[in-house]
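Okay, structure first, notes after.
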Amino acid sequence: MSTHSNTRRDFIQSAMAGAAMLGASLHADEPGKDGLPLRPLGKTDERVSILCLGGWHIGAVEEKEAIKIMHAAIDEGLTFFDNAWDYHDGRSEELMGKALADGKRKKVFLMTKNCERDAAGTRKNLEDSLRRLKTDVIDLWQFHEINYDNDPDWIVEKGALAEALKAQKQGKVRYIGFTGHKSPHIHLKMLQKHQWDTVQMPINVCDHFFRSFIHEVVPKANDRGAGVLGMKSLGGGRPGRFVTGKVCTAEEAIRFALSQPIASLVSGIDSMEVLKQNLAIARNFKPMTDEEKSALLAKVKPLAGDGRHERFKTTQFFDGPHHQKQHGLAKEQVEAQ
112 MSTHSNTRRD FIQSAMAGAA MLGASLHADE PGKDGLPLRP LGKTDERVSI
162 LCLGGWHIGA VEEKEAIKIM HAAIDEGLTF FDNAWDYHDG RSEELMGKAL
212 ADGKRKKVFL MTKNCERDAA GTRKNLEDSL RRLKTDVIDL WQFHEINYDN
262 DPDWIVEKGA LAEALKAQKQ GKVRYIGFTG HKSPHIHLKM LQKHQWDTVQ
312 MPINVCDHFF RSFIHEVVPK ANDRGAGVLG MKSLGGGRPG RFVTGKVCTA
362 EEAIRFALSQ PIASLVSGID SMEVLKQNLA IARNFKPMTD EEKSALLAKV
412 KPLAGDGRHE RFKTTQFFDG PHHQKQHGLA KEQVEAQ
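Mind the numbering: the sequence shown is residues 112 to 448 in our numbering, read in order.
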């Protein structure tokens, strides 16, 4: 797939074309608890914190510390929580369920993800997630890792979408969306399958130059009224993270992502230090000017054109083992690449 044009003129034109969408998201920022801004979640009536606590990273933290971090996040106004059925073999959901006990569940907009493509597996994923999270309803349930060309077809043909809609009618889930990190064209294909409430995708400075979700998917998702959720703002973790302090700081990366027309940014938080850092960035957030964006892109450009810092787009290394097995890939073979 061809890369997006990387000229400053094209970038400014794209930014101008998205001005209306920016007005619908960035200019709609409103103060939430303790000053953490809120944004509308697409066409839903929800307002969510502009940062979302990522479920993958928190699942790798020792239990007491993980719960402490989540409680601190809630107290500071970070009230959008992310998770997925397969994160750390269910440990992430179990930890979050414990953290949301004693009335804290009602303070959080809770999202988790379904990893199956058929009806039976979808039912089981939902039952497991509800039990682990200790809740009767999931606010946002997303189809996880729509990364392969046949994933959009499978969720319709094998009954997963119908089962999700059934769960929605039963009141077990409130909103339905999907995620993926591989290719804009797969996201565009998935967008046509349903009127989704949300769409999650990589949003970072390198994306501008290579298989760009920002340019190819975000405008269409916003046009359809789907709430856009960003992820991988720092480059997706090791290997390939581009935030080194020399080319791009964490603050620049997060500001760039939040300056796009998105509802919220899923942020990997695995320590109190990272939580405090990201909260400070969010509280003090001001949208980047066109000049600031252009200057940052100019710094990143020499390292961004071939996907070397977005390996989640170019390899299967970052694809979850559950989804690799669905498509006949062995994890050990992928790691050997």
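Glycine included, every Cβ here is placed at the ideal spot set by N, Cα and C.
Item: Just the C-alpha distance for I249 and R242, rounded to the nearest angstrom, thanks.; Value: 11 angstroms
Item: Does the contact criterion of 3 or more C-beta pairs under 8 angstroms hold for the region 172 to 190 versus the region 255 to 264?; Value: no
Item: Could you please give the first and the last residue of the uninterrupted beta strand (DSSP E) stretch that includes Q311?; Value: T309 to P313
Item: With DSSP run on the structure shown, which of helix, strand or coil describes Q124?; Value: Residue placement at Q124 cannot be trusted, given a pLDDT of 45 that sits under 50; the coordinates are not used to answer.
Item: Identify whether R322 lies in helix, strand or coil by the three-state DSSP scheme.; Value: coil
Item: Classify S344 as helix, strand or coil using the three-state DSSP reduction.; Value: coil
Item: According to DSSP, is D264 part of a helix, a strand, or is it coil?; Value: helix
Item: Give me the DSSP bridge partner(s) of F220.; Value: F191
Item: Within the same chain, show all residues whose beta-carbon is closer than 6 angstroms to that of T290, passing over the 5 residues directly before and after it, in chain order.; Value: Q253, H255 and Q311
Item: How big is the Cα-Cα spacing for V377 and D213?; Value: 25 angstroms
Item: Tell me, please, which residues DSSP counts as bridged to I249.; Value: V284
Item: Based on the DSSP output, what are the partners of T426 in its beta bridges?; Value: None; T426 has no bridge partner.
Item: What's the call for Q371, buried or exposed, on a 16-neighbour Cβ count within 10 Å?; Value: buried
Item: Looking only at its own chain, which residues have a Cβ that is under 7 angstroms from the Cβ of G165, when we skip the five neighbours before and after it?; Value: D193, V377, S378, G379 and I380
Item: Suppose contacts are defined by Cβ-Cβ distances below 7 angstroms. Is A364 in contact with S344 by that definition?; Value: yes
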